[in-house]
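Scroll down for the structure; my scribbles are underneath it.
Number of protein chains: 2
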Amino acid sequence: MSVFTTVTPEDLAPFLKRYAIGTLVELKGIAAGITNTNYFVTTTHGRYVLTLFETLQAEELPFYVNLLAHLAHHGIASAAPIANFDDQYIDTLNGRPTLLVNCLPGRVVDSPNAQQCAQVGEMLAQMHLAAQSYSGRMDNPRGLAWWTATAESVYDQMPAAEVQQLREQLALQAQTDYSHLPAGIVHADLFRDNALLDGDKVGGFIDFYYACNDVLLYDVAITLNDWCVTEDGDIDAQRARAFLAAYQSVRPLTVEEKAAWPLMLRAAALRFWASRLLDFHKPAAGELTFAKDPGHFQRVLSKHQARTDFWLG
Amino acid sequence: MSVFTTVTPEDLAPFLKRYAIGTLVELKGIAAGITNTNYFVTTTHGRYVLTLFETLQAEELPFYVNLLAHLAHHGIASAAPIANFDDQYIDTLNGRPTLLVNCLPGRVVDSPNAQQCAQVGEMLAQMHLAAQSYSGRMDNPRGLAWWTATAESVYDQMPAAEVQQLREQLALQAQTDYSHLPAGIVHADLFRDNALLDGDKVGGFIDFYYACNDVLLYDVAITLNDWCVTEDGDIDAQRARAFLAAYQSVRPLTVEEKAAWPLMLRAAALRFWASRLLDFHKPAAGELTFAKDPGHFQRVLSKHQARTDFWLG
Numbered sequence: 001m002s003v004f005t006t007v008t009p010e011d012l013a014p015f016l017k018r019y020a021i022g023t024l025v026e027l028k029g030i031a032a033g034i035t036n037t038n039y040f041v042t043t044t045h046g047r048y049v050l051t052l053f054e055t056l057q058a059e060e061l062p063f064y065v066n067l068l069a070h071l072a073h074h075g076i077a078s079a080a081p082i083a084n085f086d087d088q089y090i091d092t093l094n095g096r097p098t099l100l101v102n103c104l105p106g107r108v109v110d111s112p113n114a115q116q117c118a119q120v121g122e123m124l125a126q127m128h129l130a131a132q133s134y135s136g137r138m139d140n141p142r143g144l145a146w147w148t149a150t151a152e153s154v155y156d157q158m159p160a161a162e163v164q165q166l167r168e169q170l171a172l173q174a175q176t177d178y179s180h181l182p183a184g185i186v187h188a189d190l191f192r193d194n195a196l197l198d199g200d201k202v203g204g205f206i207d208f209y210y211a212c213n214d215v216l217l218y219d220v221a222i223t224l225n226d227w228c229v230t231e232d233g234d235i236d237a238q239r240a241r242a243f244l245a246a247y248q249s250v251r252p253l254t255v256e257e258k259a260a261w262p263l264m265l266r267a268a269a270l271r272f273w274a275s276r277l278l279d280f281h282k283p284a285a286g287e288l289t290f291a292k293d294p295g296h297f298q299r300v301l302s303k304h305q306a307r308t309d310f311w312l313g
Numbered sequence: 001m002s003v004f005t006t007v008t009p010e011d012l013a014p015f016l017k018r019y020a021i022g023t024l025v026e027l028k029g030i031a032a033g034i035t036n037t038n039y040f041v042t043t044t045h046g047r048y049v050l051t052l053f054e055t056l057q058a059e060e061l062p063f064y065v066n067l068l069a070h071l072a073h074h075g076i077a078s079a080a081p082i083a084n085f086d087d088q089y090i091d092t093l094n095g096r097p098t099l100l101v102n103c104l105p106g107r108v109v110d111s112p113n114a115q116q117c118a119q120v121g122e123m124l125a126q127m128h129l130a131a132q133s134y135s136g137r138m139d140n141p142r143g144l145a146w147w148t149a150t151a152e153s154v155y156d157q158m159p160a161a162e163v164q165q166l167r168e169q170l171a172l173q174a175q176t177d178y179s180h181l182p183a184g185i186v187h188a189d190l191f192r193d194n195a196l197l198d199g200d201k202v203g204g205f206i207d208f209y210y211a212c213n214d215v216l217l218y219d220v221a222i223t224l225n226d227w228c229v230t231e232d233g234d235i236d237a238q239r240a241r242a243f244l245a246a247y248q249s250v251r252p253l254t255v256e257e258k259a260a261w262p263l264m265l266r267a268a269a270l271r272f273w274a275s276r277l278l279d280f281h282k283p284a285a286g287e288l289t290f291a292k293d294p295g296h297f298q299r300v301l302s303k304h305q306a307r308t309d310f311w312l313g
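The listed protein sequences correspond, in order, to chains W and Y.
Okay, so the first sequence: first residue is 1 according to the UniProt record's numbering, each after it adds one.
Okay, so the second sequence: first residue is 1 according to the UniProt record's numbering, each after it adds one.
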């Protein structure tokens, strides 16, 4: 569940008086999401999403909130933050920092087709370009050092063959230099459940709370690894080609990026293998969600290790 | 017509490459509007309006464009400017400064009902509050001095009785001090053709190019004089009460504003009587539009002069 802090219509009425979005018609908790409290807020003007931040502190929020505003100003399909009458995006309700955004059209699609993967690829490239002028900076807290430390903490609970694979692949990544590749703001978690599709169009990318500065190709790999994956951890070539062609129609990959692409696909798989291992073997106290299968990303990684065609041709 | 500068799909393709809004699907000139060129631009991402400014210069635009952005950030139903990859709202196409905005829902309503007038009143009040934090400033170029000079230029073409009425009412306004009333950004031209209604909701206020700093009550009067008017220049009491009650549900008028209200209604009528007299008797060279009847606002003014109930009770 995702309502950690309860909000009543009586709480919300004075809060809404600080905004130009009308008066409350309906208030409804949102079940999705595992770290923040989210409500659908319907007013006389329209439909909005209210987030109460449960773990991020007010001083950490400007990077994310201003990024959302920046992307929305550029026409990227993402939630547009709404400022209050004090001209602030971040307000406070029931002791939590809050953000109010417009409600995006569309729904999560579990089994996207090639056309939908292409739309996501195109929007991702537009997002990478639009974010080039964003002035905020955030180091990636989930980079190679984190993968390595996380792996160390769970090796003793893993089968020997998997330990060997993980150690070898981490060592390979540690020897690989991506620092010459185009960088900028990446979403870093653009899985199917973090995008709303409105038919074949992208209604909106959501949940930017892993966004950070990193190599753009890393975002491409993370996104492909989820959107184009098959149940057995392989990649569907048709979806992958559609996704990559659409991405490159906006931002063609450089020669250096194409050369780095096979190993980057493995890096993106390693990132989520590591975090799923952690969630599986060391669940956070009080965590109510079911840990996702770490084996999925081990299989994605293995398929990438064995692959010879990477859909760029 | 309102396409003064022709734009072809071939012109637009490289222009759109500077934006994150996809590629061109359809381009269509917009017939409404008399000072700028407007096109509907449909892309793979959605529908937008492209304005090419024909008379405003690039250095005059930031006030208007940043105002639109400010209002949109606050959730006011108005067009949201879209920034290009250089993070600029204002770009250039075919020698003209341009603005690209999202397309608003709804349509112009000629005969609004009381509920629609109420929605407009409520949104106008929200707009007045949201604009209080806007830092841009623009003096009203169409204030009392302009009405007076304009009247002087057309007295010799008007019937004696109307000259007398206009002189007397201008003299009365010149003796009236509104400087103690709440002020801020006003739209100053919120007629029925400058708002889109989406059913009973406000889809968007448009055409902010008369917006300026002035007394808020002046905007309320201008808007009421058009939205609640009957064909003979009288005001429909039901619509006027609904409009004012909704406005006051967001921003209650002060005692001073209520006292000033009867004369402010006349001031708002004088503003448009003067400009219509000018358009009628001294049409701009090459002006292709039909001048609207100045007599309409003379009748609105006369009705206000004879009125005893101003719908505030």
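Here a beta-carbon is modelled for each residue, glycine too, at the ideal position from N, C-alpha and C.
* **Member of C212(Y), Q298(Y), R271(Y) whose CA lies at the smallest distance from the CA of Y134(Y)** => The residue from C212(Y), Q298(Y), R271(Y) with its alpha-carbon nearest to that of Y134(Y) is C212(Y).
* Alpha carbon to alpha carbon, how far is M1(W) from A32(W)? -> Its pLDDT being 43, under 50, M1(W) is placed unreliably in this model, and the value from its coordinates should be taken loosely. Their backbone Cα atoms lie some 7 Å apart in a straight line.
* What does a CB cutoff of less than 6 Å around A145(Y) pick up in its chain, not counting 5 residues either side in sequence? -> Within the same chain, and ignoring the five residues on either side of A145(Y) in sequence, no residue has its Cβ closer than 6 Å to its Cβ.
* In angstroms with no decimal places, state the Cα-to-Cα distance between S179(W) and I185(W). => Approximately 14 Å, taken between the alpha carbons.
* To do: Would you list the residues sitting across from N102(W) in a DSSP beta bridge?
  => In DSSP, N102(W) forms a bridge with Y48(W).
* To do: Measure the CB-CB distance between L301(W) and R271(W) and report whether it falls below 7 Å.
  => No, Cβ-Cβ distance for L301(W) and R271(W) is not below 7 Å.
* Asked: Shorter than 7 Å from the beta carbon of G313(W) to some beta carbon of chain Y?
  -> For G313(W), the answer is no, since every Cβ of chain Y falls outside 7 Å of its Cβ.
* Closest by CA to M127(W), which one among L24(W), I235(W), A291(W), V202(W)? -> For the set L24(W), I235(W), A291(W), V202(W), the Cα lying nearest the Cα of M127(W) is the one of V202(W).
* **Outcome for R239(Y) when other beta-carbon atoms lying within 10 angstroms are tallied against a minimum of 16** => A buried status is given to R239(Y), since no fewer than 16 other beta-carbon atoms sit within 10 Å of its beta-carbon.
* To do: Using a Cβ-Cβ cut-off of less than 7 Å, give me the residues of the segment 78-103 of chain Y that come near chain W, in sequence order.
  => Correct list: I82, A83, F85, D86, D87.
* Could you pull the start and end residues of the beta strand (DSSP E) that G209(W) belongs to? => Here the sequence assigns Tyr to residue 209(W), which means Gly is not the residue at that position. Here Y209(W) belongs to no beta strand (DSSP E), and DSSP marks it neither H nor E.
* Identity of the residue in F4(Y), K17(Y), L16(Y), I21(Y) nearest N38(Y) by Cα -> If we check each option's Cα against that of N38(Y), F4(Y) comes out closest.
* Whose Cβ in chain W lies nearer than 9 Å to the Cβ of Q126(Y)? -> Within chain W, the residues near Q126(Y) are Y19, A20, I21, G22, H45.
* Quick one: using the 10 Å Cβ neighbour count with 16 as the cut-off for buried, is P141(W) buried or exposed? => By the neighbour-count rule (16 or more Cβ atoms within 10 Å), P141(W) is not buried but exposed.
* Asked: Any Cβ of chain Y within less than 7 Å of the Cβ of A242(W)?
  -> At a cut-off of 7 Å between C-beta atoms, A242(W) does not count as an interface residue with respect to chain Y.
* Report, in whole angstroms, the separation of the C-beta atoms of P294(W) and F310(W), which I expect to be a contact under 8 Å. => In this structure, P294(W) and F310(W) do not form a Cβ contact; the two beta carbons are roughly 24 Å apart against a cut-off of 8 Å.
* Asked: Would the beta-carbon of N194(Y) fall within 7 Å of that of D207(Y)?
  -> Taking 7 Å as the Cβ cut-off, N194(Y) and D207(Y) qualify as a contacting pair.
* Under 7 Å, do residue 320(W) and A242(Y) count as touching if we go by C-beta distance? -> Here chain W has residues from 1 to 313 only, and residue 320(W) is not among them.
* Asked: In chain Y, what lies closer than 8 Å to I76(W) by C-beta?
  -> Under the 8 Å cutoff, chain Y gives A20.
* Through-space distance from L244(Y) to G313(Y), alpha-carbon basis -> Rounded to the nearest whole angstrom, the C-alpha separation of G313(Y) and L244(Y) is 10 Å.
* Taking C-alpha atoms, which residue in E256(W), F63(W), V25(W) lies nearest to D177(W)? -> Cα-wise, what sits closest to D177(W) is E256(W).
* Asked: Who are the neighbours of A130(Y) on chain W, taking C-beta pairs under 7 Å?
  -> Those are A20, F85, listed as they occur along chain W.
* Inter-residue CB distance, A183(W) and L216(W) (contact presumed, cutoff 8 Å) -> Contact check for A183(W) and L216(W): beta-carbon distance about 6 Å, within the 8 Å limit, so the pair qualifies.
* Asked: Using the C-alpha atoms, what's the distance from A246(W) back to R25(W)?
  -> In the sequence as displayed, the identity of residue 25(W) is Val instead of Arg. Looking at the backbone, the Cα of V25(W) and that of A246(W) are separated by about 40 Å.
* To do: Report all residues from its chain with a CB closer than 7 Å to the CB of W147(Y); omit the five preceding and five following residues, and keep chain order.
  => Closer than 7 Å at Cβ, skipping near neighbours: L170, L270, R271, A274.
* To do: Label K303(W) either buried or exposed according to how many other C-beta atoms from any shown protein chain fall within 10 Å of its C-beta, with 16 as the threshold for buried.
  => Burial call: buried.
* Asked: A221(Y): buried (16+ other C-beta within 10 angstroms of its C-beta) or exposed?
  -> So A221(Y) ends up on the buried side.
* Which of helix, strand or coil DSSP assigns to N38(W) -> Looking at N38(W) - three-state DSSP - the assignment turns out to be strand.
* Helix, strand or coil: how does DSSP classify residue 316(Y) here? -> Chain Y is shown only over 1 to 313; residue 316(Y) falls outside these bounds and no answer can be derived.
* Asked: So, are the CB atoms of N66(Y) and G136(Y) less than 7 Å apart?
  -> Taking 7 Å as the cut-off, the Cβ atoms of N66(Y) and G136(Y) count as close.
* To do: Return the chain-ordered list of same chain residues with a C-beta closer than 7 Å to the C-beta of A130(W), the five sequence neighbours on each side being excluded.
  => Only L71, H74, I76 meet the Cβ criterion.
* To do: Would you give the residue range spanned by the alpha helix (DSSP H) that L265(W) belongs to?
  => For L265(W), the enclosing alpha helix (DSSP H) starts and ends at 255-281.
* Starting from the beta carbon of residue 328(W), find every residue of chain Y whose beta carbon is closer than 9 Å, and list them in chain order. => Nothing about residue 328(W) can be read from this structure; chain W reaches only from 1 to 313.
* Tell me, to the nearest whole angstrom, how far the beta carbon of L224(W) is from that of F205(W); I am working on the premise that it is less than 8 Å. => In fact, because the Cβ distance is near 15 Å, the residues do not count as touching under 8 Å.
* **Cross-strand partners of R107(Y) (DSSP beta bridge)** => Residue pairing by DSSP puts R107(Y) in a beta bridge opposite L197(Y).
* What span of residues does the alpha helix (DSSP H) with A183(W) cover, start to end? -> That residue, A183(W), is in no alpha helix (DSSP H); its beta strand (DSSP E) goes 183-186.
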